[in-house]
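**Student:**
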Amino acid sequence: MSPTLESAAVAANSTSPRSPPLTAAEVSSILSQLASDTHRSDPVRCRKSAARIRALATESDRNRRRLANSGAACVLAAAFRTCAADCAASLDILSEILSALVLVYRIDDEEIFCEIGTPESLDAIVSILKSGDMSGKLSAVLVLKQIVSFDGDLARAAARMDGLIETLLKLITDPISPKGKKAAQLAAFHLASCSEEWMEATFVRMGVVSLVLESLVDSESEKRVGEAALSALDRLCGCELGREKAYGNALTVPVLVKKIFGFSDLATDLALSSLWKLCKNWEGEKEEGREGGCVVEALQVGIFMKLLMLLQVECREGVKERATELLRFLNGYEKGLGCIDSKDFRGLRRPV
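Numbering follows our numbering, with no gaps: position 45 of the sequence shown is 49.
1) Spatial neighbours of E170 within its chain, please: CB distance less than 8 Å, with the 5 preceding and 5 following residues excluded, ordered by chain position.
2) Let's see if you can read the secondary structure: which residues bound the alpha helix (DSSP H) around W280?
3) Quick one: what does DSSP say T42 is sitting in, helix, strand or coil?
4) Helix or strand or just coil, what does DSSP make of I132?
5) What does the alpha-carbon distance come out to for the pair E115 and C78?
6) Compute the Euclidean distance between the alpha carbons of P179 and R332, then round it to the nearest angstrom.
7) Could you check where the alpha helix (DSSP H) with R164 kicks off and where it finishes?
8) Alpha carbon to alpha carbon, how far is L148 from L314?
9) Pop quiz: V221 and A191 are said to be a contact at Cβ under 8 Å. What is the actual Cβ separation, rounded to whole angstroms?
10) What is the DSSP secondary structure of Q316, reduced to helix, strand or coil?
11) If I follow the unbroken alpha helix (DSSP H) through L334, where does it start and stop?
12) Just tell me which of S139, A28, Q150 and F84 has its CA closest to the CA of D127.
13) Does the beta-carbon of G336 have 16 or more other beta-carbons within 10 angstroms, so that it is buried, or is it exposed?
14) Enumerate in chain order the residues of its own chain whose CB-to-CB distance from L80 is below 8 Å, with the five nearest sequence positions on each side excluded.
15) Quick check on the burial criterion: 16 or more other C-beta atoms within 10 angstroms. Buried or exposed for S23?
16) Quick check: is any heavy atom of the ligand GTP less than 7 Å from the C-beta of A59?
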């Protein structure tokens, strides 16, 4: 069975069921009731049914699995879409349905995303992120993280929702919980990494480059967050404004050089890609009195030696080609510069 979002949390809270486990007949009755409530467009009754599903799923892992295997997520997603389109449905009602949904849906269920990825559903999710209670915001950001990771078109549609990006960034800088912060990081960075060209500058102006770099320093053990952050940075370094912000941040080059080794193959590839984009465009900095720019800085923090080491270890052919290309570019600047290990960032002053 595919994992659900909250299975680990439910299992931890349910070592001994407080009541007899649900039967197939009981689950069928509950879901039929919710489907009927949805068909009648009755938000209040939908909330009541969703609350019951949430309580039962939280009570025991066996109940949660029974509900998940019986298609509870699809019924809840349909209810959410219907209520999202109903002006009479309050944020509390929508939050209750989402809170039940995150307990029982599978992260690879396409049918669910067809429901919660509609414009009215996305708009409702953004409203919960902006104005819902803490529990509702957590459920909304967990669902949004899965939506934007599932499909590039859905991610780009979500990025166009008014206020979504700003709200996600606030959940990163002023988190509601560690889980909420991680989900917001993954959602925001994924949105940036698959953004349309005209949106790239918007992400940069909102401070995503700085947030990405901060997260890379703080996420040594968070592989998914680190890879998502590197993917976002690589995308934003593809535009002039993104490179400008990256050049101006003291963390950029040391962080990227550090990620060449010891994180993951994907991180290595993304770090090399970003460094290549920055180094090959550094000439513009000469006019600002920073002769050598990020090229010299990269050499000072040891990139030349790390690239040579990378060519000696087993890695994907494409990575070796990129490393070789970057080495050739840097070769003319390497003489006379020492290779300094970049593992310690304490001497760097982070921008305000």
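Positions of the beta carbon are idealized from the N, C-alpha and C atoms, including for glycine.
**Tutor:** The answer reads as follows:
1) M210
2) D269 to K284
3) helix
4) helix
5) 7 Å
6) 43 Å
7) It is not in any alpha helix (DSSP H) - R164 carries neither H nor E in the DSSP assignment.
8) 37 Å
9) So it is not a contact: roughly 20 Å between Cβ atoms.
10) coil
11) E321 to N335
12) F84
13) exposed
14) L38, A54, I57, I101, A104, L105, V108 and Y109
15) exposed
16) Among the ligands in the structure shown, none appear at all, so the ligand GTP cannot be discussed.
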